[in-house]
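My numbering numbers the first residue of the sequence shown as 113 and each following residue consecutively.
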Amino acid sequence: MSAFGSATVFEQRIAPRVPGVTMHIRFEMFLDRQDVIARIGKAKAKTLSRLGLTLMHMARRSIKKQGLAKPQLKVQRDNPGVTLAQLTQRSDLSARTRTQVLKRLAEVRNPKHSTAGSPPFTHTGFLRDSILFGYDARTESVVIGSGRPKSAWLASLHEFGGFQTMRAWAYVPQTSGSWRTGLLAWKRLNEAPKNQDRWAPTRLRETRPYPARPFMGATLHNAIRSGRIPSEFRNMVRVGGLG
């Protein structure tokens with residue numbers, strides 16, 4: 113062992129096709145162990161980070177957008193600040209555009225749920241955008257999942273299923289100060305709407321069952337089945353001068 117590395121010796125005894133003659137061939141390869149270890153560490157970190165990024169995008173794409181999470185319609189972009197409900201009152205819309213607006217408005221007012229066992233839908237983009245990844249140099253591992261504290265409970269509920277108690281909040285317009293009939297927002301018991309001055313808590317509570325709609329486990333399974341994970345580690349470290 114030297115300060116630069118170690119010499120690894122391979123000796124092979126060969127019996128040639130010449131009677132009474134034996135040959136010994138000696139190979140010596142210089143191996144800088146610290147350099148190899150450092151290269152493997154860097155390559156592993158790079159590979160895991162690239163894999164984390166790939167799985168993050170796969171998980172996000174598995175959560176389909178609905179309602180407000182979808183990109184705005186062209187008519188919305190052309191009329192900033194105008195709501196979908198207000199657009200339905202316009203008489204200058206084409207039949208095709210009106211159909212698009214009505215369909216989008218129906219998605220917002222009556223959000224649909226994905227089939228149990230399949231990845232959930234996102235109606236605001238919050239859950240989808242919360243999926244992040246991070247490389248931990250201490251444990252030499254990568255973690256992919258919901259990276260926001262406010263969305264962790266929702267991600268866990270969708271991934272594994274369970275029950276959640278919700279409380280209804282009634283919308284109170286600022287102009288009249290009275291409740292608007294039929295407009296309720298359901299929040300967890302320890303949560304409140306963003307604009308609390310426009311919402312009032314009610315005594316209505318519901319404990320709702322949520323079937324499992326896994327998206328992280330399904331993403332990992334699909335990545336393994338497709339060979340994406342093994343392919344990321346293939347030829348992770350190349351040794352110069354060989355092959």
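Heads up, the beta-carbon is just placed ideally off N, CA and C, and yes, glycines get one too.
Remember, predicted model here, so these are calculated numbers, not experimental data.
(message) Suppose only complete runs of 4+ residues qualify. What are the alpha helix (DSSP H) ranges in the region 290-335, listed by chain order?
(response) none
(message) Measuring only the C-alpha atoms, how far is residue 326 from residue 262?
(response) Rounded to whole angstroms, residue 326 to residue 262 spans 19 Å at the Cα level.
(message) Is it the case that the region 256-274 contacts the region 233-242, given that we only count it when at least three CB pairs across the two stretches are under 8 Å?
(response) yes
(message) What does DSSP give as the partner residue(s) for residue 258 in the beta ladder?
(response) By DSSP's assignment, residue 258 forms a beta bridge with 243.
(request) Could you check how far apart the C-beta atoms of residue 177 and residue 234 are, in whole angstroms? I think they sit under 8 Å. (result) 6 Å
(request) To the nearest angstrom, report how far apart residue 345 and residue 159 are at their CA atoms. (result) 7 Å
(request) Measure the alpha-carbon distance for residue 310 versus residue 281 and round it to whole angstroms. (result) 10 Å
(request) Thinking residue 319 and residue 272 are a contact (beta carbons under 8 Å), I'd like their distance in whole angstroms, please. (result) No, residue 319 and residue 272 are not in contact; Cβ-Cβ is about 17 Å, not under 8 Å.
(request) Please say whether residue 317 and residue 278 have beta carbons closer to each other than 8 Å? (result) Yes. Within cutoff.
(message) Tell me whether the region 200-211 and the region 301-309 touch, counting them as touching only if at least three CB pairs, one residue from each stretch, are closer than 8 Å.
(response) Verdict: no, contact absent.
(request) Evaluate residue 181 with the Cβ neighbour count: other Cβ atoms within 10 Å of its Cβ, from every protein chain shown; 16 or more gives buried, anything less gives exposed. (result) By the neighbour-count criterion, in which a residue is buried when 16 or more other Cβ atoms sit within 10 angstroms of its Cβ, residue 181 is buried.
(request) Take every Cβ of the region 155-173, pair it with every Cβ of the region 211-220, and state whether three or more of those distances are shorter than 8 Å. (result) no
(request) Buried or exposed for residue 333, please, with buried defined as at least 16 other CB atoms from any protein chain shown within 10 angstroms of its CB. (result) It counts as exposed.
(message) Could you give the first and the last residue of the continuous beta strand (DSSP E) run that contains residue 218?
(response) Careful: residue 218 lies outside any beta strand (DSSP E), inside the alpha helix (DSSP H) at 207-221.
(message) How far does the alpha helix (DSSP H) with residue 197 in it extend, from its first residue to its last?
(response) 196-199
(request) Would you mind sorting residue 242 into buried or exposed? The rule is 16 or more other CB atoms within 10 Å of its CB. (result) buried
(message) Can you list, in chain order, the residues of its chain with a C-beta nearer than 8 Å to that of residue 179? Leave out the 5 residues immediately preceding and following it.
(response) 216, 219, 220, 223, 235 and 236
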